[in-house]
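Participant: Here you go, one structure.
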Amino acid sequence: MPSQFRKGSGSLSIVNASTHNLKNVSVVIPTGVLVALTGVSGSGKSSLVEEVCEQNPNKVILVDQSAVGANQRGCIATYTGTFDLIRKLFAQENSVSASLFSYNSTGACDECKGLGHMDIDMNFLGDIKIKCPKCDGKRYMSEVLKYLYNGKSIDQVLESTVEEALTFFSQKEIKDKLGMLAEVGLDYIELGQSLDTLSGGESQRLKLASRLQSKGEFYILDEPTSGLHFADIEKLLNLLNRLVDNGNTVLVVEHNLKVISSSDWVIDLGLEGGDKGGELIAQGTPNDILGCERSYTAKYLKGAIKGE
Ligand SMILES: [Zn+2]
Numbered sequence: 001m002p003s004q005f006r007k008g009s010g011s012l013s014i015v016n017a018s019t020h021n022l023k024n025v026s027v028v029i030p031t032g033v034l035v036a037l038t039g040v041s042g043s044g045k046s047s048l049v050e051e052v053c054e055q056n057p058n059k060v061i062l063v064d065q066s067a068v069g070a071n072q073r074g075c076i077a078t079y080t081g082t083f084d085l086i087r088k089l090f091a092q093e094n095s096v097s098a099s100l101f102s103y104n105s106t107g108a109c110d111e112c113k114g115l116g117h118m119d120i121d122m123n124f125l126g127d128i129k130i131k132c133p134k135c136d137g138k139r140y141m142s143e144v145l146k147y148l149y150n151g152k153s154i155d156q157v158l159e160s161t162v163e164e165a166l167t168f169f170s171q172k173e174i175k176d177k178l179g180m181l182a183e184v185g186l187d188y189i190e191l192g193q194s195l196d197t198l199s200g201g202e203s204q205r206l207k208l209a210s211r212l213q214s215k216g217e218f219y220i221l222d223e224p225t226s227g228l229h230f231a232d233i234e235k236l237l238n239l240l241n242r243l244v245d246n247g248n249t250v251l252v253v254e255h256n257l258k259v260i261s262s263s264d265w266v267i268d269l270g271l272e273g274g275d276k277g278g279e280l281i282a283q284g285t286p287n288d289i290l291g292c293e294r295s296y297t298a299k300y301l302k303g304a305i306k307g308e
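Numbering-wise, full-length UniProt numbering puts 144 at position 144 of the sequence shown, and it's gapless, one number per residue.
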């Protein structure tokens, strides 16, 4: 646990929140710090988040785990804006049009129209996806793949991970955009991976990556550590702290004790779930929470600190 907690630079008020099981909860949330919203499952955390959003429209940004884009034509490279730059490099190197290197344009395989796969209607079994036999899933017509940049064809570049691409490209603009993905722990993702195949946690971190330069925002993240390994939780914490140090507020709905104990301020709901929940049990720094006899979060935190 840090010995120093950051002090809030302002505040956001929630008055008489009564959505679902909340029992007229009023709470002042400090801004400019890392805030953890805690409590057992069903204690009213999601309801309080709903109230925070409703009572402060246009002031808070929910960074949830929903898909970044349901469009199967979007990929990591298009989302980050690096694909345009990469296609220009290929075009310059080979003195041809940049649109040739777009699988959504003239370069697309004419069999699968640049999707790399085809949907086959299996009647009662529904649709199944098969790899396009003409382009072998590469999305491009074969002529396009003869053009190389630094020894790689465009499909090979799309198969590169973010980490590989960071060493392959020397252009600052590309490195900056991909570097943000590495910072949110997405260095293992391939540039050509479709956005609709990302997990919830990956989508959430991709959205965060595009927010790294922001200032003065109030972000709400629901369970950002879900599905993350220990080392990645550490990375995520660094990222959240960086957002705060840049002048943003980050409120996380969280069970992870490492994240809770690293927060500047904790809002603990309880005591139980459902009708026996919906009350504000404790609020303050993690140290303050430890002093609350009733709080389950305090009990778990004490156990975690002893175990360290
Ligand atoms: Zn094809």
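All residues carry an ideal CB built from backbone N, CA and C; glycine is no exception. If you're wondering where the values come from, they're calculated on a predicted model, not measured in any experiment.
Is the closest heavy atom of ligand 1 to the C-beta of residue 132 under 7 Å?
Facilitator: Yes, ligand 1 has a heavy atom inside 7 Å of this Cβ.
Participant: Measuring alpha carbon to alpha carbon, tell me which residue in 139, 68, 23 is nearest residue 155.
Facilitator: The residue with the shortest Cα to Cα distance from residue 155 is 139.
Participant: Quick one: what does DSSP say residue 224 is sitting in, helix, strand or coil?
Facilitator: Correct three-state label for residue 224: coil.
Participant: Quick check: is any heavy atom of ligand 1 less than 7 Å from the C-beta of residue 107?
Facilitator: Checking every heavy atom of ligand 1 against the Cβ of residue 107, none is found closer than 7 Å.
Participant: Is the Cβ-Cβ distance between residue 162 and residue 191 less than 8 Å?
Facilitator: Taking 8 Å as the Cβ cut-off, residue 162 and residue 191 qualify as a contacting pair.
Participant: Please identify the residue among 273, 263, 278, 305 whose C-alpha is closest to the C-alpha of residue 285.
Facilitator: Residue 285 has its Cα closest to that of 263, out of 273, 263, 278, 305.
Participant: Taking 8 Å as the cut-off, does the region 250-265 touch the region 276-290 (at least 3 CB pairs, one atom from each stretch)?
Facilitator: Yes, they touch.
Participant: Measuring from the CB of residue 143, is there a heavy atom of ligand 2 at a distance below 7 Å?
Facilitator: This structure does not include ligand 2; its bound ligands are ligand 1.
Participant: With a threshold of 7 Å (Cβ to nearest heavy atom), would residue 75 be considered close to ligand 1?
Facilitator: No, ligand 1 has no heavy atom inside 7 Å of this Cβ.
Participant: Tell me whether residue 116, by its Cβ, gets closer than 7 Å to a heavy atom of ligand 1.
Facilitator: Residue 116: yes, Cβ under 7 Å from ligand 1.
Participant: Can the beta-carbon of residue 201 be found closer than 8 Å to that of residue 43?
Facilitator: Against a cut-off of 8 Å, the Cβ pair of residue 43 and residue 201 comes out as no contact.
Participant: Across the region 76-94 and the region 28-44, are there enough close Cβ pairs to call them in contact, namely three or more that are closer than 8 Å?
Facilitator: Contact fails: fewer than three Cβ-Cβ distances are below 8 Å.
Participant: Where does the unbroken alpha helix (DSSP H) through residue 180 begin, and where does it stop?
Facilitator: From DSSP, the alpha helix (DSSP H) with residue 180 extends over 172-183.
Participant: Assuming contact is defined by CB atoms lying nearer than 8 Å, are residue 311 and residue 186 in contact in what I supplied?
Facilitator: In this structure the chain extends from 1 to 308, so residue 311 is not present and cannot be described.
Participant: Confirm, please, whether the CB-CB distance from residue 21 to residue 41 is below 8 Å.
Facilitator: No, the Cβ-Cβ distance between residue 41 and residue 21 is not below 8 Å.
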